[in-house]
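> Supplied in structure tokens, the structure appears directly below.
There are 2 protein chains.
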Amino acid sequence: MLDGILLGLLREPRSGYDVATAFRRGARHLWAADLSQIYRTLGRLEKEGHVTSRVEPSSKGPERRVYRRTPQGRQALLAWLAEEPELPPERFGYLAQLFFMGEARDNGRTLAFLKDLKRRLAERLERLEEIEATIETEDDHGFHTHLTLRLGIHAGRARLAWCEESMRRVRQRGARRKA
Amino acid sequence: MLDGILLGLLREPRSGYDVATAFRRGARHLWAADLSQIYRTLGRLEKEGHVTSRVEPSSKGPERRVYRRTPQGRQALLAWLAEEPELPPERFGYLAQLFFMGEARDNGRTLAFLKDLKRRLAERLERLEEIEATIETEDDHGFHTHLTLRLGIHAGRARLAWCEESMRRVRQRGARRKA
DNA sequence: GATCGCTATGTGCAAAGTCATATACTACCC
DNA sequence: GGGTAGTATATGACTTTGCACATAGCGATC
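Protein sequences, first through last, are from chains A and B.
When the count follows our numbering, it moves up by one through the first sequence with no breaks and lands on 179 for the last residue.
When the count follows our numbering, it moves up by one through the second sequence with no breaks and lands on 1179 for the last residue.
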């Protein structure tokens, strides 16, 4: 999966560091990966013949190893794009915490948890909305970038609405219990 | 993270198989885990003193190893519940595919992709809505279960709305190009 | 009495991902 | 001259996860 993303980012020749930078800028809202993993994956892709690399001098640091996508690499990218949509495995740490929070029998804690969660989710959403404001949607790449960003925004707003609904329900429940 | 979920499910003594069954029924919408991983994790939790186990005969199969949460295990659970909300790493395979689909220059393909995606997301949402219809929301556990389910439903509807928005935009874009 | 499906517990192996660490050059500020 | 920040490439150790496989009892059905 990371393979496809790296091949996609290698539309132009780039060093591992550049790829990671492009990754942080353009793809961090759809996949998380750290530098060491990117380097290792690029190494594997080279062994598999999807990319080639060449060491080049750098103007502002040590030597760079610049990767280029091969025709075979482009084919692999297109094949990945032609696959079925890959649904993510469910992995919601905060939901799991909330799920068992009945165990603690503490509505105040649940409320504080939701408030904290809402703040974090709102921050994420704001970052996406900032990016949206800067996107050029005319060319193919920008158009598709914007499509993906929109999902983050739709989903982010839905999560905030859920936080509010949940906080309301927890408060009502607390009030009902005291009564 | 799975640690907390297993400790939470062990409110009553259960075998690994039972835990996995409870997992599939009650927690699969918030975390994915297969049997082998559950067995391994229970083994580690025992080594760490969070659970104990005892082999017991079964009426309908081979012997069962029944796990019980220790006081230390309960403390570990409460500590986990008191932690900050854990945000998931971004890992959207289908979004990554869509992100690079400009490379293929094929609006028809993008449209088919979104249609397929929408169908899958709608199925997931339906399953959550079916579960919601069967939930008892009065007791602590049911209340918190329902809260988590609601997020899945909010987010699921937002994703469907996004699919429709995206399909509309892709169609418009296709029409504009032909004109 | 053979086979199927469910109950039940595990091992082996590989891929994916996380975190810490080592190295080293350049530019800039103090 | 010294410290910090950014550029740049990696390796080592570890955990988590996924997938396949091995084993075996029990009940029902054919």
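By construction, the Cβ of each residue, glycine as well, lies at the ideal position given by its N, Cα and C atoms.
Interface residues of chain A around T1145/B at Cβ under 9 Å?
Within the second sequence, the letter at position 145 stands for residue 1145/B. Here the neighbours are F99 and G102.
> Quick check: the Cα distance between R1074/B and A161/A, rounded to an integer number of angstroms?
Position 74 of the second sequence, counted from the first residue, corresponds to residue 1074/B. Position 161 of the first sequence, counted from the first residue, corresponds to residue 161/A. Straight-line Cα distance between these residues: approximately 32 Å.
> In whole angstroms, give me the CA-to-CA distance for L1121/B and L1111/B.
The count along the second sequence starts at 1 and reaches residue 1121/B at position 121. The count along the second sequence starts at 1 and reaches residue 1111/B at position 111. Answer to the nearest angstrom: the Cα atoms are 15 Å apart.
> What span of residues does the beta strand (DSSP E) with T52/A cover, start to end?
Numbered from 1 along the first sequence, position 52 holds the residue referred to as residue 52/A. Here the beta strand (DSSP E) through T52/A covers V51 to E56.
> Could you tell me whether the segment 46–58 of chain A touches the segment 81–96 of chain A, using the rule of 3 or more Cβ pairs below 8 Å?
Contact between the segment 46–58 of chain A and the segment 81–96 of chain A is absent, because fewer than three Cβ pairs lie under 8 Å.
> Closest to G108/A by CA distance: which of R177/A, M1/A, A20/A and H141/A is it?
What you label residue 108/A is simply residue 108 of the first sequence in a count that begins at 1. The residue with the shortest Cα to Cα distance from G108/A is R177/A.
> Considering R1064/B, what are the terminal residues of the beta strand (DSSP E) in which it resides?
Position 64 of the second sequence holds residue 1064/B. From DSSP, the beta strand (DSSP E) with R1064/B extends over R1064 to R1069.
> Going along the chain, which residues of its own chain have a beta-carbon closer than 7 Å to the beta-carbon of T41/A, five neighbours each way excluded?
Taking the first sequence and counting its residues from 1, the one referred to as residue 41/A is at position 41. The answer, listed in chain order, is L2, D3 and L6.
> Residues of chain B with a CB under 9 Å from the CB of G4/A: which are they?
Indexing the first sequence from 1 puts residue 4/A at position 4. G1093, A1096, Q1097 and F1100, listed in chain order.
> In the DSSP assignment, what are the bridge partners of W1031/B?
Counted from its first residue, the second sequence places residue 1031/B at position 31. Looking at the DSSP assignment, W1031/B forms a beta bridge with R91/A.
> Find out if the Cβ-Cβ distance for the pair E1090/B, A22/A is shorter than 8 Å.
The residue you call residue 1090/B lines up with position 90 of the second sequence. The residue you call residue 22/A lines up with position 22 of the first sequence. In this structure, A22/A does not lie closer than 8 Å to E1090/B by Cβ.
> Nearest to L1077/B by alpha carbon, out of V1051/B, R1065/B, K1060/B and C1163/B?
Looking up residue 1077/B in the second sequence gives position 77. For the residues V1051/B, R1065/B, K1060/B and C1163/B, the minimum Cα distance to L1077/B belongs to V1051/B.
> Check whether the Cβ atoms of G1026/B and T1145/B lie closer than 8 Å to each other.
Taking the first residue of the second sequence as position 1, residue 1026/B is located at position 26. Taking the first residue of the second sequence as position 1, residue 1145/B is located at position 145. The answer is yes: Cβ separation under 8 Å.
> Measuring straight from C-alpha to C-alpha, what distance separates D34/A and G174/A?
The residue given as residue 34/A occupies position 34 in the first sequence. The residue given as residue 174/A occupies position 174 in the first sequence. Taking the straight line from one Cα to the other gives about 43 Å.
> Going along chain B in order, which residues have a C-beta closer than 8 Å to the C-beta of G8/A?
By 1-based counting over the first sequence, the position of residue 8/A is 8. Neighbours of G8/A on chain B, chain order: A1096, F1099, F1100 and E1103.
> Pull up the distance between the alpha-carbon of R1196/B and that of E63/A, whole angstroms please.
Absent from the model: residue 1196/B. The displayed extent of chain B is 1001 to 1179, so no value can be given.
> As a quick exercise: from G1049/B, C1163/B, M1101/B and Q1037/B, pick the residue whose alpha carbon is nearest that of G152/A.
Looking up residue 152/A in the first sequence gives position 152. Nearest of G1049/B, C1163/B, M1101/B and Q1037/B to G152/A, Cα basis: C1163/B.
> Beta carbons nearer than 9 Å to chain B: which residues of the segment 157–169 of chain A have them?
Under the 9 Å Cβ criterion, the segment 157–169 of chain A contributes R157, A158, R159, A161, W162, C163, E165, S166 and R169.
> Strictly under 8 Å for the Cβ-Cβ distance: is H1029/B near chain A by that measure?
Along the second sequence, read from residue 1 onward, the residue named residue 1029/B stands at position 29. Cβ-Cβ to chain A under 8 Å: yes for H1029/B.
> In whole angstroms, what separates the C-alpha of R1044/B from that of I1038/B?
Here residue 1044/B refers to the residue found at position 44 when the second sequence is read from its first residue. Here residue 1038/B refers to the residue found at position 38 when the second sequence is read from its first residue. Approximately 10 Å, taken between the alpha carbons.
> Do you know how far the Cα of R1157/B is from the Cα of R1118/B?
In the second sequence, counting from the first residue as 1, residue 1118/B sits at position 118. In the second sequence, counting from the first residue as 1, residue 1157/B sits at position 157. Rather than Arg, the amino acid found at residue 1118/B in this sequence is Lys. Those two C-alpha atoms are separated by around 10 Å.
> In chain order, what residues of the same chain have a beta carbon less than 7 Å from the beta carbon of W136/A, not counting five sequence neighbours either side?
Position 136 of the first sequence, counting from 1, holds the residue named residue 136/A. First, the amino acid is wrong: residue 136/A is Glu here, not Trp. G142.
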